[in-house]
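Going down the list, the sequences are from chains A and B. The letter at position 84 of the first sequence is residue 94 when you use our numbering, and the numbering goes up by one with no holes. The letter at position 71 of the second sequence is residue 422 when you use our numbering, and the numbering goes up by one with no holes.
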Amino acid sequence: MRSLIVIPAYNEEENIGKVIDRVKQYDIDYLVVNDCSTDSTGAILDEKGIQHLDLPINLGIAGVTRLGFNYAHDNDYDCVVCIDGDGQHLPEYVKDLMKEIENGCDYVVGSRFLSEKKPWSMRMLGSRLLCFLIFLKTRRKVTDPTSGMRALGRKVIDEFDKSMNFYAEPDALCHLLREGYNVKEIQVKMKERDGGVSYFANPFKSVYYMLCEILSIIFIQ
Amino acid sequence: MSVSLRLGLLIASLSVLIFIITTVAHKRLNIRYSIVWILWALLSLLMAIFPEIFYGLSDLLGIQMPVNTVFLIMTALLYALTFYVYITMTKQTDQIVKLTYEIAYLKKQLEEMKKK
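1. Suppose only complete runs of 3+ residues qualify. What are the beta strand (DSSP E) ranges in the stretch 129 to 175 of chain A, listed by chain order?
2. Which residues does DSSP list as the beta-bridge partners of GLU195 of chain A?
3. What's the gap between the Cα of GLY190 of chain A and the Cα of THR148 of chain A?
4. Determine, using beta-carbon pairs with one atom in the stretch 133 to 140 of chain A and one in the stretch 67 to 75 of chain A, whether at least three such pairs fall under 8 Å.
5. Using the rule of at least 16 other Cβ atoms within 10 Å of the residue's Cβ for burial, across every protein chain shown, is SER226 of chain A buried or exposed?
6. Strictly below 7 Å CB to CB, what residues from chain B border ASN80 of chain A?
7. Hey, which unbroken runs of the beta strand (DSSP E) at 3 residues or more fall wholly within the stretch 390 to 427 of chain B?
8. Check the DSSP bridge columns for SER13 of chain A and list the partner residues they point to.
9. Give a yes or no on whether the C-beta atoms belonging to ASP171 of chain A and HIS83 of chain A are separated by under 8 Å.
10. Any C-beta of chain B sitting closer than 8 Å to the C-beta of PRO66 of chain A?
11. List the DSSP bridge partners of LEU41 of chain A.
12. Identify which residue in A:TRP130, A:VAL16, A:LEU143, A:SER173 has its Cα closest to the Cα of ILE445 of chain B.
13. Grouping DSSP H, G and I as helix and E and B as strand, with all else coil, what is ASP96 of chain A?
14. Using a Cβ-Cβ cut-off of less than 7 Å, list which residues of the stretch 425 to 449 of chain B approach chain A; keep chain order.
15. Starting from LEU468 of chain B, trace the alpha helix (DSSP H) both ways and give me its first and last residue.
16. Tell me, please, which residues DSSP counts as bridged to HIS62 of chain A.
17. Tell me which residue opens and which closes the alpha helix (DSSP H) that ARG188 of chain A is part of.
18. Quick check on this structure: which residue in A:ILE60, A:PHE214, A:VAL166, A:PRO129 has the alpha carbon closest to the alpha carbon of VAL193 of chain A?
19. Cβ of ARG76 of chain A less than 8 Å from any chain B Cβ?
20. I want to verify the contact list: residues of chain B whose CB lies under 7 Å from the CB of LEU63 of chain A, in sequence order.
21. Rounded to whole angstroms, what's the CA-CA distance from GLU1 of chain A to ILE93 of chain A? Just pull it up for me.
22. Need the endpoints of the alpha helix (DSSP H) that PRO213 of chain A sits in, please.
23. Could you list which residues in chain B have their beta carbon closer than 9 Å to that of MET132 of chain A, in chain order?
Right, dumping it as structure tokens:
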């Protein structure tokens, strides 16, 4: 089975080198997608000889992951694992995700809360709301719908390669559950980001994201 | 509709029509996209010349002031047109993503060929 690790990166000069060093230990193909970073991320990627795509314009996270799927589709990979370029996702778990794909799953989500308890922060309140909506729509219990650490099998890669309507994780997950794909969650640990700024540091963006996800789950997926 | 409103509508729609046609002639607007605007200007011209159509329509819809029928039609047209723009925008966003991918992928392959 040929697998590819897709790592979107936007202004991650502090983290990307470390992340790739960890990924390289596992001897799996990887691809960094540099979303037209304005800092030295591009230079670091060139200098260290890291496999990457340099985008000429900034597409945003949804577009970037989709490009990763396009690349996997064109290069005939059987499995794609997405991990973030900010060091939150530990490459130790990539093999576990891949194993589940090999066992016949179509989509595997690395969940932080399968056996751990979910804390009561604002962000997790949002997560609970999304879990509830997905349950209403699909009658399936999920624990971590916003997790960006996921693995895709061939069928799902083909679907994500073509469709533009899988902006973010929660509604993509909802869609796959409704379409009857074999979806599984496994327990993973995540770290706080090492450095740099998160997209969700801006409260307006968080609210916008939640609104998009809620409407998408209720009306579309 | 009052005479002054009709006159205003007449002058406005005529100047809009002329403006659109010169814009297309100067190649600042695609002919395909200009058609909807030309039709719109013609419609408002029609309104100014034959307001009787709107009197009849207002009676039919139970609207007391014909000018409100004009507003209603204009607003509905604006909605339709904006929605059409959003559809086009979606299509173009998708096309941009595809092009971006092609460029980035070609650039990567080019780099690899240079190294060999």
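Cβ atoms here follow ideal geometry from the backbone N, Cα and C, with glycine treated the same way. Here the structure is a predicted model, which means the values were calculated and not measured.
For this structure:
1. As far as the stretch 129 to 175 of chain A is concerned, its whole beta strand (DSSP E) runs of at least 3 residues are 160 to 162.
2. On the first sequence, residue 195 of chain A is found 185 positions in, with the first residue counted as 1. DSSP lists A:VAL119 as partners of GLU195 of chain A.
3. Counted from its first residue, the first sequence places residue 190 of chain A at position 180. Counted from its first residue, the first sequence places residue 148 of chain A at position 138. If I take the Cα positions, the gap works out to 10 Å.
4. Taking 8 Å as the limit for Cβ pairs, the verdict is that the stretch 67 to 75 of chain A does not touch the stretch 133 to 140 of chain A.
5. Your numbering for residue 226 of chain A matches position 216 in the first sequence. When all chains shown are included, SER226 of chain A counts as buried.
6. The count along the first sequence starts at 1 and reaches residue 80 of chain A at position 70. Those within 7 Å of ASN80 of chain A in chain B are TYR452.
7. DSSP runs (the beta strand (DSSP E)) wholly in the stretch 390 to 427 of chain B: none.
8. By one-based count along the first sequence, residue 13 of chain A stands at place 3. Checking the DSSP bridge columns, you'll see SER13 of chain A partnered with A:CYS89.
9. Residue numbering aside, residue 171 of chain A sits at position 161 when the first sequence is read from its first letter. Residue numbering aside, residue 83 of chain A sits at position 73 when the first sequence is read from its first letter. Yes, they are a contact pair.
10. Taking the first residue of the first sequence as 1, we reach residue 66 of chain A at position 56. Yes, PRO66 of chain A lies at the interface with chain B (some Cβ there is under 8 Å from its Cβ).
11. Here residue 41 of chain A is taken as the residue at index 31 of the first sequence, counted from 1. Its beta-bridge partners are A:VAL16.
12. Locating residue 445 of chain B in the second sequence gives position 94, counting from the first residue. The displayed chain sequence assigns Asp, not Ile, to residue 445 of chain B. Ranking the options by Cα distance to ASP445 of chain B, first place goes to A:SER173.
13. On the first sequence, residue 96 of chain A is found 86 positions in, with the first residue counted as 1. Coil at ASP96 of chain A, not helix or strand.
14. The stretch 425 to 449 of chain B vs chain A, Cβ under 7 Å: ASP445, VAL448.
15. The requested residue 468 of chain B is not part of the displayed model; chain B covers only 352 to 467.
16. On the first sequence, residue 62 of chain A is found 52 positions in, with the first residue counted as 1. Beta-bridge analysis with DSSP links HIS62 of chain A to A:VAL42.
17. Numbered from 1 along the first sequence, position 178 holds the residue referred to as residue 188 of chain A. DSSP places ARG188 of chain A in the uninterrupted alpha helix (DSSP H) bounded by 179 to 188.
18. Taking the first residue of the first sequence as 1, we reach residue 193 of chain A at position 183. Selected option, being the one with the closest Cα: A:VAL166.
19. Against the first sequence, residue 76 of chain A aligns to sequence position 66. ARG76 of chain A has a beta carbon lying within less than 8 Å of a beta carbon in chain B.
20. Position 53 of the first sequence, counted from the first residue, corresponds to residue 63 of chain A. Within 7 Å Cβ-Cβ: ALA455, TYR456, LYS459.
21. A query on residue 1 of chain A cannot be resolved here, the shown segment of chain A reaching from 11 to 231 and no further.
22. Residue 213 of chain A sits at position 203 when you count from the first residue of the first sequence. Counting along the chain, PRO213 of chain A sits inside the alpha helix (DSSP H) bounded by residues 213 to 225.
23. Position 122 of the first sequence holds residue 132 of chain A. Residues of chain B whose Cβ lies closer than 9 Å to the Cβ of MET132 of chain A do not exist; the shortest such Cβ separation is about 30 Å.
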